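Notes for the one structure printed next.
Residue numbers (this note's numbering): 447 to 669.
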């Protein structure tokens, strides 16, 4: 476990499926929030037209905001600005941070994918990123990961940086404990929520219980 005594309990960072039926997914998102604490929702609609992304943001963002959760859009700072979203998440090949900051201003959040590289994370932090994301930590059903990340990456980052970090990639309620203990600030999850056999409410509830158990464990150490 990281030695940083100021670290707060990690929170869930929900990522939408790439494709969904909007009216049906609105109900799924509402159900997810009924399951417990969620810090953020990222709208991740790859290979979808701008109008569809904006329509989805218009429908889903009020649900997130009603529960005091941030609403981010993946890749597209321009669409985030048009939608009035709380920020954007950028992949290493999906947009320039400086340009995104010009578009969004300084009161919006910008996150950056950093794979398993603290060097990329430092660069992102120096460029003004509000958070960095490391992964993938486990095989994912959502996307084929370009890199595999190590727990040590999060452990060291949590000890040396005040910039929050997100762990991503195949995370479930059953395997998330080492990430919590290593010092992740947020756990980014998608398929484990939307494909849960008992629905998104049960999935979020299970995640929050697992986070609580891992975070309160004083003598356990990351595997």
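Even for Gly, the Cβ is constructed at its ideal location relative to N, Cα and C.
Predicted model only: the values in this text are computed from it and were never measured.
Measuring CB to CB, does residue 535 end up less than 8 Å from residue 557? On the chain shown, residue 535 is found 89 positions in, with the first residue counted as 1. On the chain shown, residue 557 is found 111 positions in, with the first residue counted as 1. For residue 535 and residue 557, yes; Cβs fall inside 8 Å.
Taking the alpha carbon of residue 510 as the point to measure from, which residue in 468, 545, 560 and 484 has its own alpha carbon closest? By one-based count along the chain shown, residue 510 stands at place 64. The candidate whose alpha carbon is nearest that of residue 510 is 484.
Taking DSSP as the reference, what is the three-state secondary structure of residue 528? The residue given as residue 528 occupies position 82 in the chain shown. Looking at residue 528 - three-state DSSP - the assignment turns out to be helix.
So what does DSSP say about residue 522, is it helix, strand or coil? On the chain shown, residue 522 is found 76 positions in, with the first residue counted as 1. Coil.
For residue 657 and residue 622, I'd like the C-alpha separation in whole angstroms. Your numbering for residue 657 matches position 211 in the chain shown. Your numbering for residue 622 matches position 176 in the chain shown. Cα to Cα, the separation comes out at about 7 Å.
Going by DSSP, what residue range makes up the alpha helix (DSSP H) through residue 601? Within the chain shown, numbered from 1, the residue matching residue 601 stands at position 155. Residue 601 -> alpha helix (DSSP H) spans 597 to 606.
Roughly how many angstroms lie between the CA atoms of residue 501 and residue 541, to the nearest whole one? Counting from 1 along the chain shown, the entry for residue 501 is found at position 55. Counting from 1 along the chain shown, the entry for residue 541 is found at position 95. Computed Cα separation, rounded: 22 Å.
Residue 559 - DSSP class collapsed to helix/strand/coil: As a working note, residue 559 is residue 113 in the chain shown. Residue state, collapsed to three classes: strand.
State the DSSP-derived secondary structure class of residue 485, mapped to helix, strand or coil. Your numbering for residue 485 matches position 39 in the chain shown. Three-state DSSP puts residue 485 in coil, outside helix and strand.
Just checking, does the segment 568 to 576 make contact with the segment 513 to 532 on the three C-beta pairs under 8 Å criterion? no
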